[in-house]
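There are 4 protein chains.
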Amino acid sequence: MDPWRTAIVQADHESIRLHGHDVLELMPHRTFTDTIFLLHRGRLPSRDERALLDAILTGLADHGPGAPSCAAARLVASGNRQSLSAAVAAGVLAIGDEHGGAGSLCMEMIARGVSRARAESISVLEAARQTVSAYRADGRRLPGLGHRVHHTVDPRTAVLFGMARAAGLAAEGVEFMEAVDMAMKEAGKIIPINIDGALAAILVDLGFPPAFGKLVFIIGRVAGISAEVAEEYDREKPMRIRIPVEYDGLPPVVRPGE
Amino acid sequence: MDPWRTAIVQADHESIRLHGHDVLELMPHRTFTDTIFLLHRGRLPSRDERALLDAILTGLADHGPGAPSCAAARLVASGNRQSLSAAVAAGVLAIGDEHGGAGSLCMEMIARGVSRARAESISVLEAARQTVSAYRADGRRLPGLGHRVHHTVDPRTAVLFGMARAAGLAAEGVEFMEAVDMAMKEAGKIIPINIDGALAAILVDLGFPPAFGKLVFIIGRVAGISAEVAEEYDREKPMRIRIPVEYDGLPPVVRPGE
Amino acid sequence: MDPWRTAIVQADHESIRLHGHDVLELMPHRTFTDTIFLLHRGRLPSRDERALLDAILTGLADHGPGAPSCAAARLVASGNRQSLSAAVAAGVLAIGDEHGGAGSLCMEMIARGVSRARAESISVLEAARQTVSAYRADGRRLPGLGHRVHHTVDPRTAVLFGMARAAGLAAEGVEFMEAVDMAMKEAGKIIPINIDGALAAILVDLGFPPAFGKLVFIIGRVAGISAEVAEEYDREKPMRIRIPVEYDGLPPVVRPGE
Amino acid sequence: MDPWRTAIVQADHESIRLHGHDVLELMPHRTFTDTIFLLHRGRLPSRDERALLDAILTGLADHGPGAPSCAAARLVASGNRQSLSAAVAAGVLAIGDEHGGAGSLCMEMIARGVSRARAESISVLEAARQTVSAYRADGRRLPGLGHRVHHTVDPRTAVLFGMARAAGLAAEGVEFMEAVDMAMKEAGKIIPINIDGALAAILVDLGFPPAFGKLVFIIGRVAGISAEVAEEYDREKPMRIRIPVEYDGLPPVVRPGE
Chain H
69 MDPWRTAIVQ ADHESIRLHG HDVLELMPHR TFTDTIFLLH RGRLPSRDER ALLDAILTGL
129 ADHGPGAPSC AAARLVASGN RQSLSAAVAA GVLAIGDEHG GAGSLCMEMI ARGVSRARAE
189 SISVLEAARQ TVSAYRADGR RLPGLGHRVH HTVDPRTAVL FGMARAAGLA AEGVEFMEAV
249 DMAMKEAGKI IPINIDGALA AILVDLGFPP AFGKLVFIIG RVAGISAEVA EEYDREKPMR
309 IRIPVEYDGL PPVVRPGE
Chain V
69 MDPWRTAIVQ ADHESIRLHG HDVLELMPHR TFTDTIFLLH RGRLPSRDER ALLDAILTGL
129 ADHGPGAPSC AAARLVASGN RQSLSAAVAA GVLAIGDEHG GAGSLCMEMI ARGVSRARAE
189 SISVLEAARQ TVSAYRADGR RLPGLGHRVH HTVDPRTAVL FGMARAAGLA AEGVEFMEAV
249 DMAMKEAGKI IPINIDGALA AILVDLGFPP AFGKLVFIIG RVAGISAEVA EEYDREKPMR
309 IRIPVEYDGL PPVVRPGE
Chain C
69 MDPWRTAIVQ ADHESIRLHG HDVLELMPHR TFTDTIFLLH RGRLPSRDER ALLDAILTGL
129 ADHGPGAPSC AAARLVASGN RQSLSAAVAA GVLAIGDEHG GAGSLCMEMI ARGVSRARAE
189 SISVLEAARQ TVSAYRADGR RLPGLGHRVH HTVDPRTAVL FGMARAAGLA AEGVEFMEAV
249 DMAMKEAGKI IPINIDGALA AILVDLGFPP AFGKLVFIIG RVAGISAEVA EEYDREKPMR
309 IRIPVEYDGL PPVVRPGE
Chain U
69 MDPWRTAIVQ ADHESIRLHG HDVLELMPHR TFTDTIFLLH RGRLPSRDER ALLDAILTGL
129 ADHGPGAPSC AAARLVASGN RQSLSAAVAA GVLAIGDEHG GAGSLCMEMI ARGVSRARAE
189 SISVLEAARQ TVSAYRADGR RLPGLGHRVH HTVDPRTAVL FGMARAAGLA AEGVEFMEAV
249 DMAMKEAGKI IPINIDGALA AILVDLGFPP AFGKLVFIIG RVAGISAEVA EEYDREKPMR
309 IRIPVEYDGL PPVVRPGE
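Residue numbers (this note's numbering), protein chains in the order written: chain H, 69 to 326; chain V, 69 to 326; chain C, 69 to 326; chain U, 69 to 326.
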């Protein structure tokens, strides 16, 4: 079999290097968030870039056992106490376009909008208006807006945008999402930018590709999933969860035909 | 259905709190590693505790595509390009007692050894000698010693023990593992303490329960798995992997019996 | 890399053979249950053996969305609509010693009991009495007895034992479990043999190893999990599930220490 | 929490019913394949329908350890010996549009083609020609044609089409795929209908929705994955797999910037 190629890790008997950086140098001098940035971007972050990624990861880390990811992890811990990995993995599996995936979808929307603004020499606000109109005409929800718990405002958004602006790292991504917010208000809709929309704007400005919008959710949420799985093991008995169920199908077959 | 209980997250329309700490305060002022510590221990770490956890997570983050976790993730990415989560989850599933689980097993061994030293009023070195003898008598490998790539020394161990000692955080855990190392040498075996043994010693000294030895591997390695999955999507075609296979079973059945 | 060895499948450009049997012969002349038996035993079953395995697989196929496996699968379908596989896999992950694993544990118990009866030249009933006493002395539940829904009798047990006996395939496995049932009654406990206990007895008598007790549950239940995932996709919106949660942890930290 | 609704299973203390059929009646009188059909279609199959589904499931059951699904399962078994479920689940995760998903994509293609033939009052052959032209103009591969091992003919196709025709169950689905085959030949391309294309045609004719094209692959392949996982546990040591890796990234960073 041909060897698998990678540009990420170089490991031999003496050293491990991540994109050329010796892990032994990283361990005492850098943070885990530096390493996450390095693994995904191929270079170490500046102090401000790291602080933004820290804020994003902390903002995503846990939202309680009711989220599908943590709930799935706890159900697996309920039936299978042989493998912590199995429970954490089930939590990861619940992360998709519908749960934790809005950041990635929003990064794609931003990238398209910003490209169009440039290509057509229109303002970012005008491009955002077109984006909002197009989604609304199709009856589609805009990714990065609205939250099932935080109805009127997602307080994490202001924190992230404030940090990005103070560090001088807010660029077209943040500008586009704020223009989307304005275009929504012009259209009479008050649906706040949620954390997914905020992190999407910032990750675009930090130069990450859209897939990272989903991967950063996975990396951040695994911290919370693993803590919730540990709590389930510690505090709860196996098989304690009983979901109430109601049958609404066919009536009993009196004589199953043979 | 009775509500599920949790002591980790309190989320409502206005705020999200992790063990009482407002996420909005954590995001701009704390690091992701602080959040990981908080989620698993219920309190924020000191600066030195955080630095140790950073070093551990970075030391675990990636060891290349040949490790079962990253290899499984890439195989899933090869057959299923619809879900980044599916690929990352498969990588997590490969983490068990045999891969990434030595830290947890070693924490249990240390805890038993340290307890016995206290209960029997013997020195930690004497307790370590007994542990080494017992494992060797049973023909079992000691967890936290040896590595399939780093044969003679795992260079990450010295970094971690150095940091713990410099910060005054090395206690019975580190003492016990160094005693195990000495007892092995007395027995004529040169098998180095690997990163799992080193992090186990430190996590015991930081007060973490054994399960965290496996969870910290999952949290750290997910950073690398996700980067490797992103690379697989970017650089490789689906279904590019062909594992060579050799059949050594029954010969063809000439007339399958009906 | 050395080729991976297997004794199960021989596939080349012209044919696929399972333990020597040409798939093209199996497809029109045999059933899927024959193939399952063949894959796991290395030979095709007799008609009666196949009928017993069919009955076991049908008995395990689905128990409704409240079981942890189906519930986890539905939660993953709720958050991740990009991958049917992800949802089915999450359901599989919930299968462990606590959910679906009793068959495997019971097969090990039967094997030990039957061995002891032979080794010590005691009756199977006497061996079963010893097994019951030992479990009760340790405060452990006996695998294969009791069910959280079917309290007094698991009606699937009589069907399986009846079929095995009618076919002349009931042997020491069935004998041992019926002796366990008798020993429990002698001890004043009325806890019925459940389907896991029944299938364990029969699979021992058919010559399967204990691991198959868990694998047969996975194979059977995947039929139900996949049907429930399809129903979730068809009938329900993403993110429809809201698990009620109650926080019982630390009070809010008024000023998070910096 | 509102109860979850289902039309599949009705389970109470006394009975379990699948779409109205008592499991106690199904167990001794029906096969597992009947149960799979019942769970997914809501009714029991005829004898010929069952035989076709048996042939499909057997045709999919295993293709050796080199397929991504079985390879991923074995890698997980290599690192995590605590959970058979984890290994099987990893195998399921590798099933996606690229591996095992062609049946589902092909069912969608057939459904669109057959609808167009009706809507536009053109022959099925003409509709198939349009489909082939459209895919080729877009540079897309047609689902259900070609195989990486069986280059010139997938022998499983003739078996399935022969059975369907003999039973009088071949209808528009089979007709459309044979028309696609003819249209490909007219275009000078000899790419055989593979098992995914064959089962897609038949499942359309049996009235299954496209999602079942992927679910049937999962159900069938789980039989093989589980047998391969059992073999890995029995015959191989943990961590035996070493994928060869070649680094082609950045050179070592001599002094990591602090």
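In this text, a Cβ means the ideal position worked out from N, Cα and C, and glycines have one as well. A quick note: this is a predicted structure, and the numbers were derived from the prediction, not measured.
{"Query": "Alpha carbon of U:T220 to alpha carbon of U:R308, nearest angstrom", "Result": "35 Å"}
{"Query": "Residues near H:V77 by beta carbon distance below 8 Å, same chain, minus five either side", "Result": "I84, R85 and L86"}
{"Query": "Residue environment, H:I293, which counts as buried when at least 16 other CB atoms sit within 10 Å", "Result": "buried"}
{"Query": "is_contact[U:M307, chain H] using C-beta, thresh 9 Å", "Result": "no"}
{"Query": "Residues in the stretch 139-150 of chain H having any Cβ partner in chain C nearer than 7 Å", "Result": "A139, A140, L143, V144, S146, G147, N148, R149 and Q150"}
{"Query": "Identity of the residue in V:S153, V:G164, V:A239 and V:A247 nearest V:E194 by Cα", "Result": "V:A247"}
{"Query": "Contact under 9 Å by Cβ, C:A158 with H:L210", "Result": "no"}
{"Query": "H:I261 - partner residues in DSSP beta bridges", "Result": "H:L213"}
{"Query": "C-alpha gap between H:G317 and V:H81, whole angstroms", "Result": "37 Å"}
{"Query": "Interface flag, U:L128 vs chain V, CB-CB below 9 Å", "Result": "no"}
{"Query": "Ordered list of alpha helix (DSSP H) runs contained in the stretch 238-294 of chain H, each at least 4 residues", "Result": "240-254 and 263-273"}
{"Query": "Three CB pairs or more closer than 8 Å across the stretch 142-151 of chain H and the stretch 184-192 of chain H", "Result": "no"}
{"Query": "For H:R73, the first and last residue of its enclosing beta strand (DSSP E)", "Result": "W72 to T74"}
{"Query": "First through last residue of the alpha helix (DSSP H) which encompasses H:Q198", "Result": "V192 to A205"}
{"Query": "Top-ranked residue by Cα proximity to U:F330, from U:V200, U:L152, U:E93 and U:E176", "Result": "Nothing can be reported for residue 330 of chain U: it is not among the residues displayed for chain U, which extend from 69 to 326."}
{"Query": "Interface flag, U:D316 vs chain H, CB-CB below 9 Å", "Result": "yes"}
{"Query": "Interfacial residues, the stretch 270-296 of chain H to chain V, with Cβ spacing under 8 Å", "Result": "P277, A279, F280, K282, L283, I286, I287, G288, V290, A291, G292, S294, A295 and E296"}
{"Query": "Neighbourhood of V:Y203 by C-beta distance below 6 Å, restricted to the same chain and skipping five residues each side", "Result": "L210"}
{"Query": "Host beta strand (DSSP E) of H:E304 (start-end)", "Result": "Element bounds for H:E304: n/a, residue is neither H nor E."}
{"Query": "C-alpha gap between H:A298 and V:A279, whole angstroms", "Result": "7 Å"}
{"Query": "Burial state of H:M69, where buried means 16 or more other Cβ atoms lie within 10 Å", "Result": "exposed"}
{"Query": "Cβ neighbours of V:T74 in the same chain (closer than 6 Å, five flanking residues each side left out)", "Result": "none"}
{"Query": "Where the alpha helix (DSSP H) through C:V91 begins and ends", "Result": "V91 to H97"}
{"Query": "Reduced DSSP category for V:R135 - H, G, I as helix; E, B as strand; rest coil", "Result": "According to the sequence as given, residue 135 of chain V is Ala; it is not Arg. V:A135: coil per DSSP, three-state reduction."}
{"Query": "For V:L283 and V:T103, the rounded distance between their alpha carbons", "Result": "14 Å"}
{"Query": "Candidates V:V182, V:G127 and V:A141, of which the one nearest V:N16 by Cα", "Result": "No answer is possible for residue 16 of chain V: it lies beyond the span of chain V, which begins at 69 and ends at 326."}
{"Query": "For C:G236, the three-state DSSP class (helix, strand or coil)", "Result": "coil"}
{"Query": "Chain C contact residues for U:M69, given Cβ-Cβ distances below 9 Å", "Result": "I309, R310, I311 and P312"}
{"Query": "Residue range of the beta strand (DSSP E) that includes C:V313", "Result": "V313 to Y315"}
{"Query": "Proximity to H:D116 [Cα-Cα], best of H:I286, H:D264 and H:L228", "Result": "H:L228"}
{"Query": "Strand pairing of H:V77, partner residues [DSSP]", "Result": "H:L86"}
{"Query": "Assigned exposure category for V:G171 - 16 Cβ within 10 Å defines buried", "Result": "buried"}
{"Query": "Short Cβ contact (9 Å threshold) for U:F105 with U:L92", "Result": "no"}
{"Query": "Bridge partner(s) assigned by DSSP for U:G147", "Result": "DSSP output for U:G147 lists no bridge partner at all."}
{"Query": "Within 9 Å, strictly: CB atoms of H:I178 and H:G241", "Result": "yes"}
{"Query": "Rounded separation between U:A79 and C:I311 - CA only", "Result": "22 Å"}
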